[in-house]
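Enquirer: Dropping a structure here in structure tokens format, bear with me for questions.
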Amino acid sequence: MKDTQSPELIQPLEIENVSRRRFLSNAGIASGSFVLGVQLSPAIASVENQTDEVKTSDNFSPDVFVSIEPDGQVKIICHRSEMGQGVRSTLPLLVADEMDADWSRVTVEQAIGDQKYGSQNTDGSRSVRKNYLKLKQAGAIAKTMLTQAAAIAWKVKPTSVEIKQHKALLKGSNQALDFGQLVKVAATLQVPARDQLQLKNENEQVYIGKEDIKLLDGELITQGQTTFGFDVDFEGLKVAVIARPPVVFGKVKSFDASETMKVPGVIKVVELPALTPPAAFKMLGGIAVIAEHTYAAIKGREKLKIEWEHGTNQNHQTQAHEQVFREALKKPSTVVRKRGDYSSAEKSASKTFEADYYVPGLAHATMEPPAATARIKDEKVEVWACTQTPQSAQANVMRTLNFPQEKIGNIEVNVTLLGGGFGRKSKPDYVAEAAYLADESKMPIKVLWTREDELQHGYYHSPSYQKLAATFDQNKKVTGWHHSMVNHPIGSTFNPAAKTAGSADLGQGDMMFDIPNILVDLGDTETFYRIGWVRSVTNINNAFAAGSFADELAHEAGKDPKDFLLELIGKDQAVDFSKDDYKYGNYGEDINQYPASTARLKNVINLVAEKSGWGKKLPEGRAMGIAAHRSFLSYVATVVEVSVNKGRIKIEAIHSAVDVGKVLNPDRVRSQMEGAAIFAASLALYGEITAENGQIQQSNFHDYPLARMTDIPEIQTHIVKSSELPTGIGEPGVPPFAPALCNAIFAATGKRYRRLPLKQFGIV
Amino acid sequence: MTKFTLNGKTVTYKGDANKTLLWFVREDEGLTGSKFGCGVAMCGACTMHLNGNPVRACSTPMSAVNGATVTTIEGISSKVANAVQSAWETLDVVQCGYCQSGQIMSAVALLKNNPSPSDADIDSAMNGNLCRCATYHRIRAAIHNAASQLAKEA
Chain A
1 MKDTQSPELI
11 QPLEIENVSR
21 RRFLSNAGIA
31 SGSFVLGVQL
41 SPAIASVENQ
51 TDEVKTSDNF
61 SPDVFVSIEP
71 DGQVKIICHR
81 SEMGQGVRST
91 LPLLVADEMD
101 ADWSRVTVEQ
111 AIGDQKYGSQ
121 NTDGSRSVRK
131 NYLKLKQAGA
141 IAKTMLTQAA
151 AIAWKVKPTS
161 VEIKQHKALL
171 KGSNQALDFG
181 QLVKVAATLQ
191 VPARDQLQLK
201 NENEQVYIGK
211 EDIKLLDGEL
221 ITQGQTTFGF
231 DVDFEGLKVA
241 VIARPPVVFG
251 KVKSFDASET
261 MKVPGVIKVV
271 ELPALTPPAA
281 FKMLGGIAVI
291 AEHTYAAIKG
301 REKLKIEWEH
311 GTNQNHQTQA
321 HEQVFREALK
331 KPSTVVRKRG
341 DYSSAEKSAS
351 KTFEADYYVP
361 GLAHATMEPP
371 AATARIKDEK
381 VEVWACTQTP
391 QSAQANVMRT
401 LNFPQEKIGN
411 IEVNVTLLGG
421 GFGRKSKPDY
431 VAEAAYLADE
441 SKMPIKVLWT
451 REDELQHGYY
461 HSPSYQKLAA
471 TFDQNKKVTG
481 WHHSMVNHPI
491 GSTFNPAAKT
501 AGSADLGQGD
511 MMFDIPNILV
521 DLGDTETFYR
531 IGWVRSVTNI
541 NNAFAAGSFA
551 DELAHEAGKD
561 PKDFLLELIG
571 KDQAVDFSKD
581 DYKYGNYGED
591 INQYPASTAR
601 LKNVINLVAE
611 KSGWGKKLPE
621 GRAMGIAAHR
631 SFLSYVATVV
641 EVSVNKGRIK
651 IEAIHSAVDV
661 GKVLNPDRVR
671 SQMEGAAIFA
681 ASLALYGEIT
691 AENGQIQQSN
701 FHDYPLARMT
711 DIPEIQTHIV
721 KSSELPTGIG
731 EPGVPPFAPA
741 LCNAIFAATG
751 KRYRRLPLKQ
761 FGIV
Chain B
1001 MTKFTLNGKT
1011 VTYKGDANKT
1021 LLWFVREDEG
1031 LTGSKFGCGV
1041 AMCGACTMHL
1051 NGNPVRACST
1061 PMSAVNGATV
1071 TTIEGISSKV
1081 ANAVQSAWET
1091 LDVVQCGYCQ
1101 SGQIMSAVAL
1111 LKNNPSPSDA
1121 DIDSAMNGNL
1131 CRCATYHRIR
1141 AAIHNAASQL
1151 AKEA
């Protein structure tokens, strides 16, 4: 989808979550369709609509994102969810910077789910990208009107007024008026058109791009004083935990809750409706135990006797399905990208090289499992949830309760802090559960998921099988590249008929090597449980395969892996995917505005090589590996250094270079890169979700381990200084880590690992 | 009946002695700074101090706390605790923050026993605390920062 006009002026009819990743075309759903839990954002509330409100209020609210109280306190709305990426600090900072507010006099308010904010879906690493201009403009509107108000007060031209640090100053005098003193007049003024605003240039910025911006919630978090989804509480609130069907689309055949009801504190049990395809964001079904407190609910659930009917997915075995994947790649169904003719390259090659890669299923494992609270009173539904997508949660509650569309405003979704998101919390099935149980029981209900619930009933990153092949000419130049991939598509969660793997746009089709013959294709397969997006999505497996394979080719060619990467990428250019008959989604952005720049990719490679000391002599048993990847419009290159001791691998150093365009909050860019590398370390070393008889086998951190402190060395992030449009930072640090790690292990040991996680080989 | 001191206040509990300290503190006492992460003492998000030692409250039954002194993130106020919290803020350690009260409780216990820990000491004391956002290397730096701050004040 292309935004021909800038998004802040006209919010495009943007299909959220699913469509932007082009699952829908695979799923056979026409673009522009209304898809479950996925809404079309209307144009943001027009500025004109706001002025009426302003005139009847004491406050000055020139824009949905900002208001000023009579005492001068500035309130800025954060309409995106905070899950550790720092969005509650960074987005309001854009407004405050542009209007020259004093950050210490700014209050940040978390928005409820409401279409007037435009999209609130906090995923796809795009909160900054999608709101950068819109929020700067909100600040500039406020500033322009405060300037005019001061000019009126002093009876001078607006050009004689300067705004600085929460005050209007009359040029050439000592006179100053605080923002608070300007509110009354400012509120009567015409709101300027967004496109006529003068925005600050970089030198004029006071907060943006600066190092000393403290996290908004940092202090309260260190005191344990913030509210996450799990922490919501009020008088009369009851707690529910749910025994869900072990197999997706299974259902309760019969149950006996007599022992459950004997547990002190248990109030009642409620059977939830069985799930029917498509799974979408609907409840999984099962039996809920409602209790006065969590301990009783959990005890009560342990005592349930349930006979399940496991349904159609009960014969699925992850291990056996690997063979199905392999078969599927013998005859790929869908060509994604084609340049030149790979098969003739194969015929004329002096050498061909092939390798298969496997990345298993993965879970989100947010530290805070899903949790949601609902209270229903007089046709009003109040929800509190750790959700990445409050509007989609609102729509999901509407459907669950058969609420009329025109009354959707009666469903108020309050967003708590999120104890991690990683994509899990943009699937509001747990919010539906809370609303359903509150409605059925006529009591306010908080649904809590235990760790076992979270790991066994997730929306998983699909296992994937990949075949890579390349051809060399006599000069050891790569002449052909063939990348085939098969996984359970995310589209299957929304359309059970979807069988073609996806999404190729995330690191497979958009490969940036300058090779004359390219073939990228996908296989088809069935799906047996819910598949969803996990931080960086199919970039995880695509980059692992492509990044490992490039390294393998370097060794085949007898060249330095870094030099070889640069050679494969070739000359400076914006890669034109359309020439290869490839309709590339580019993360929902115009490819002309956010091109796939080989120069920027090479630049991060060179930067990370320089900073990590690539090529320097290392002690015995130590080696480095490198990989580079463009995702979410950002460019990342990672060097991992490992040591080998008695057959055990230890990660000794991690260096990453990142180009995210203009940097707004450098410390949060670094923290996201650090977190992304370790998120990737968890999956490379330990992460594996498997199903037997359709049931997920992993249940807690003993069999789904995450990286711990002993796994983690120093991490260095090197940020490219840039004035390009800001891109995204939440996800792009993940993909290049695993291939860089395995490339380092190869360099150190001569052993190539083409399957994750590495724990299965006894080396970590 | 179970009677113990929670953040300096005497509290009593009657009921299932197998109920865990975490749910009692979070739901009966309304102190939600200590978090539920796994329920099996594998993630450390629920870490509290029991007679000064870090314990996983999700796996500590109420029967084990009779007569004890329990401190949660809401109740720490020692010099060491202040140094740790302020180091956390200085280095902007937190990302989502969910595991951080547990991390801080483990760090405070470490520094009380070992005022100048090495990296290895830190790793072994903190290895039971998971952080999915992976703030580990900042935590390590913040503990060193707090240690040197405390050394200066001593």
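Chains A and B are the protein sequences, given in the same order.
Residue 1 is where the first sequence starts when you use the working numbering, and the numbers rise one by one after that.
Residue 1001 is where the second sequence starts when you use the working numbering, and the numbers rise one by one after that.
All C-beta atoms, glycine included, are put in the ideal place defined by N, C-alpha and C.
(1) Reducing DSSP to helix, strand and coil, say where W449 (chain A) ends up.
(2) Flag H1137 (chain B) as yes if its beta-carbon sits less than 8 angstroms from any beta-carbon of chain A, otherwise no.
(3) Check each residue of the stretch 1085 to 1109 of chain B: if its Cβ is closer than 7 angstroms to any Cβ of chain A, include it; give the result in chain order.
(4) Identify, in the order they occur along the chain, each residue of the same chain with its Cβ nearer than 6 angstroms to the Cβ of N487 (chain A), setting aside the five sequence neighbours on each side.
(5) Helix, strand or coil for V87 (chain A)? Go by DSSP, reduced to three states.
(6) Compare the C-beta of D1121 (chain B) against all C-beta atoms of chain A and say whether one is closer than 8 angstroms.
(7) Give me the chain A residues within the contact set of E1029 (chain B), using Cβ-Cβ distance strictly less than 8 angstroms, ordered along the chain.
(8) Identify, in the order they occur along the chain, each residue of the same chain with its Cβ nearer than 7 angstroms to the Cβ of D58 (chain A), setting aside the five sequence neighbours on each side.
(9) Since M1042 (chain B) sits in a beta bridge, which residues does DSSP pair it with?
(10) Look at the Cβ atom of I141 (chain A), then the Cβ atom of D63 (chain A), and state whether they are nearer than 8 angstroms.
(11) Would Q388 (chain A) be called buried (16 or more neighbouring beta carbons within 10 Å of its own) or exposed?
(12) Assuming L1031 (chain B) is part of the beta strand (DSSP E), what are its boundary residues?
(13) Based on Cα-Cα distance, which residue from B:S1059, B:A1068, B:G1102 lies nearest to E1074 (chain B)?
(14) May I ask you to list the residues that DSSP assigns as paired with S643 (chain A)?
(15) N743 (chain A) to K268 (chain A), Cα distance in whole Å?
(16) To the nearest angstrom, report how far apart Y1013 (chain B) and V270 (chain A) are at their CA atoms.
(17) Can you pull the DSSP bridge partners for H483 (chain A)?
(18) So, at 8 angstroms on beta carbons, what are the nonlocal neighbours of L506 (chain A) in its own chain, with the 5 sequence-adjacent residues on each side left out?
(19) Which of the three DSSP states, helix, strand or coil, is assigned to C386 (chain A)?
(20) Can you list, in chain order, the stretches of the alpha helix (DSSP H) that have 4 or more residues and sit fully within the stretch 497 to 560 of chain A?
(21) Using a 10 Å radius around the Cβ and a threshold of 16 neighbouring Cβ atoms, would you call P404 (chain A) buried or exposed?
(22) Let me make sure I understand the geometry here. Which of B:K1035, B:D1028, B:A1141 has the alpha-carbon closest to that of A1120 (chain B)?
(23) Please classify N693 (chain A) as buried or exposed, where buried requires at least 16 other C-beta atoms within 10 Å of its C-beta.
(24) Would a check of beta-carbon distances place N1145 (chain B) closer than 8 angstroms to chain A?
(25) Can you find at least 3 beta carbon pairs, one from the stretch 1093 to 1111 of chain B and one from the stretch 1075 to 1084 of chain B, that sit closer than 8 angstroms?
(26) Determine the direct distance from the alpha carbon of V87 (chain A) to that of R80 (chain A), and round the result to whole angstroms.
(27) Alpha carbon to alpha carbon, how far is K1009 (chain B) from S1106 (chain B)?
(28) Given this structure, state the Cα-to-Cα distance separating V734 (chain A) from T727 (chain A), to the nearest angstrom.
(29) Quick check for students: name the residue ranges of the beta strand (DSSP E) that lie wholly in the stretch 71 to 128 of chain A, counting only runs of 3 or more.
(30) What is the DSSP secondary structure of L418 (chain A), reduced to helix, strand or coil?
(31) For R648 (chain A), does the count of other Cβ atoms within 10 angstroms reach 16, so buried, or fall short, so exposed?
(32) Please confirm whether G265 (chain A) and L275 (chain A) have their CB atoms less than 8 angstroms apart.
(33) Just to check my reading of the structure: A623 (chain A) and A748 (chain A) have Cβ atoms closer than 8 angstroms, yes? What is that Cβ distance to the nearest angstrom?
(34) What in chain A is Cβ-close to F1004 (chain B), meaning under 7 angstroms?
(35) Please name the residue, chosen from A:E235, A:I208, A:T312, A:L199, that lies closest to K251 (chain A) on a Cα-to-Cα basis.
(36) Per DSSP, which residues does L177 (chain A) bridge with? Please list them.
Expert: According to the structure shown:
(1) Position 449 of the first sequence, counted from the first residue, corresponds to residue 449 (chain A). Annotated three-state conformation of W449 (chain A) is coil, per DSSP.
(2) In the second sequence, the residue the question calls residue 1137 (chain B) occupies position 137. At least one CB of chain A lies nearer than 8 angstroms to the CB of H1137 (chain B).
(3) Of all residues in the stretch 1085 to 1109 of chain B, Q1085, W1088, E1089, D1092, V1094, Q1095, C1096, G1097, Y1098, C1099, Q1100, S1101, I1104 have a Cβ within less than 7 angstroms of some Cβ in chain A.
(4) Stepping through the first sequence from its first residue, residue 487 (chain A) is reached at position 487. Excluding the 5 residues flanking it on each side, N487 (chain A) has same chain C-beta neighbours closer than 6 angstroms at S462, S464, A501, in chain order.
(5) Mapped onto the first sequence, residue 87 (chain A) falls at position 87. Helix.
(6) Counting from one through the second sequence, the residue named residue 1121 (chain B) turns up at place 121. For D1121 (chain B), the answer is no, since every Cβ of chain A falls outside 8 angstroms of its Cβ.
(7) By 1-based counting over the second sequence, the position of residue 1029 (chain B) is 29. What E1029 (chain B) touches in chain A: nothing, since even the nearest Cβ is about 11 angstroms away.
(8) Position 58 of the first sequence, counted from the start, is the residue given in the question as residue 58 (chain A). Cβ neighbours of D58 (chain A) beyond the five flanking positions: P70.
(9) Residue mapping note: residue 1042 (chain B) aligns to position 42 of the second sequence, counting from 1. The partner list for M1042 (chain B) (beta bridge, DSSP) is empty, contrary to what the question assumes.
(10) In the first sequence, residue 141 (chain A) corresponds to position 141, counting from 1. In the first sequence, residue 63 (chain A) corresponds to position 63, counting from 1. Against a cut-off of 8 angstroms, the Cβ pair of D63 (chain A) and I141 (chain A) comes out as a contact.
(11) Position 388 of the first sequence, counted from the start, is the residue given in the question as residue 388 (chain A). Q388 (chain A) is classed as buried because its beta carbon has at least 16 other beta carbons within 10 Å across all chains shown.
(12) Residue 1031 (chain B) sits at position 31 when you count from the first residue of the second sequence. Run containing L1031 (chain B): none; DSSP gives neither H nor E here.
(13) Here residue 1074 (chain B) is taken as the residue at index 74 of the second sequence, counted from 1. Closest by alpha carbon: B:G1102.
(14) Residue mapping note: residue 643 (chain A) aligns to position 643 of the first sequence, counting from 1. Looking at the DSSP assignment, S643 (chain A) forms a beta bridge with A:R622, A:K650.
(15) Reading the first sequence from its first residue, position 743 is the one you call residue 743 (chain A). Reading the first sequence from its first residue, position 268 is the one you call residue 268 (chain A). Each residue's Cα considered, the two are about 55 angstroms apart.
(16) Sequence index remark: in the second sequence, residue 1013 (chain B) carries index 13 (1-based). Sequence index remark: in the first sequence, residue 270 (chain A) carries index 270 (1-based). Between the alpha carbons of Y1013 (chain B) and V270 (chain A) lies a distance of about 29 angstroms.
(17) The residue you call residue 483 (chain A) lines up with position 483 of the first sequence. Per DSSP, A:L468, A:V520.
(18) Indexing the first sequence from 1 puts residue 506 (chain A) at position 506. Exclusion of the five residues before and after L506 (chain A) leaves R21, S536, V537, T538, N539, N542, S631 as the residues of its chain whose Cβ lies within less than 8 angstroms of its Cβ.
(19) Locating residue 386 (chain A) in the first sequence gives position 386, where the first residue counts as 1. The answer is coil: DSSP assigns C386 (chain A) none of H, G, I, E or B.
(20) Runs of the alpha helix (DSSP H) spanning 4 or more residues and lying entirely within the stretch 497 to 560 of chain A occur at 539 to 557, in chain order.
(21) If you number the first sequence from 1, residue 404 (chain A) lands on position 404. Per the 10 Å Cβ criterion, exposed.
(22) Position 120 of the second sequence, counted from the first residue, corresponds to residue 1120 (chain B). When only C-alpha atoms are compared, the closest one is B:A1141.
(23) The residue given as residue 693 (chain A) occupies position 693 in the first sequence. N693 (chain A) comes out exposed.
(24) Stepping through the second sequence from its first residue, residue 1145 (chain B) is reached at position 145. By the rule that beta-carbons nearer than 8 angstroms mark a contact, N1145 (chain B) does not touch chain A.
(25) A contact exists between the stretch 1093 to 1111 of chain B and the stretch 1075 to 1084 of chain B.
(26) Your numbering for residue 80 (chain A) matches position 80 in the first sequence. Your numbering for residue 87 (chain A) matches position 87 in the first sequence. Taking the straight line from one Cα to the other gives about 7 angstroms.
(27) Walking along the second sequence from the start, residue 1009 (chain B) turns up at place 9. Walking along the second sequence from the start, residue 1106 (chain B) turns up at place 106. Going from the Cα of K1009 (chain B) to the Cα of S1106 (chain B) covers about 22 angstroms.
(28) As a working mapping, residue 734 (chain A) is identified with position 734 in the first sequence. As a working mapping, residue 727 (chain A) is identified with position 727 in the first sequence. Spanning the two alpha carbons is a distance of roughly 15 angstroms.
(29) Whole beta strand (DSSP E) segments, 3+ residues: 74 to 78, 106 to 110.
(30) Walking along the first sequence from the start, residue 418 (chain A) turns up at place 418. For L418 (chain A), the three-state secondary structure derived from DSSP is coil.
(31) Along the first sequence, read from residue 1 onward, the residue named residue 648 (chain A) stands at position 648. The Cβ neighbour count for R648 (chain A), taken over all protein chains shown within 10 Å, is under 16; the residue is labelled exposed.
(32) Stepping through the first sequence from its first residue, residue 265 (chain A) is reached at position 265. Stepping through the first sequence from its first residue, residue 275 (chain A) is reached at position 275. No, these two residues do not count as a Cβ contact at 8 angstroms.
(33) One-based indexing of the first sequence puts residue 623 (chain A) at position 623. One-based indexing of the first sequence puts residue 748 (chain A) at position 748. Contact annotation, A623 (chain A) with A748 (chain A): C-beta distance approximately 4 angstroms; criterion of less than 8 angstroms satisfied.
(34) Against the second sequence, residue 1004 (chain B) aligns to sequence position 4. Going along chain A, no residue has its Cβ under 7 angstroms from F1004 (chain B), so there is no contact; the nearest lies around 17 angstroms.
(35) As a position in the first sequence, residue 251 (chain A) is number 251, starting the count at 1. It is A:T312 whose Cα lies nearest to the Cα of K251 (chain A).
(36) What you label residue 177 (chain A) is simply residue 177 of the first sequence in a count that begins at 1. Looking at the DSSP output, L177 (chain A) bridges to A:A168.
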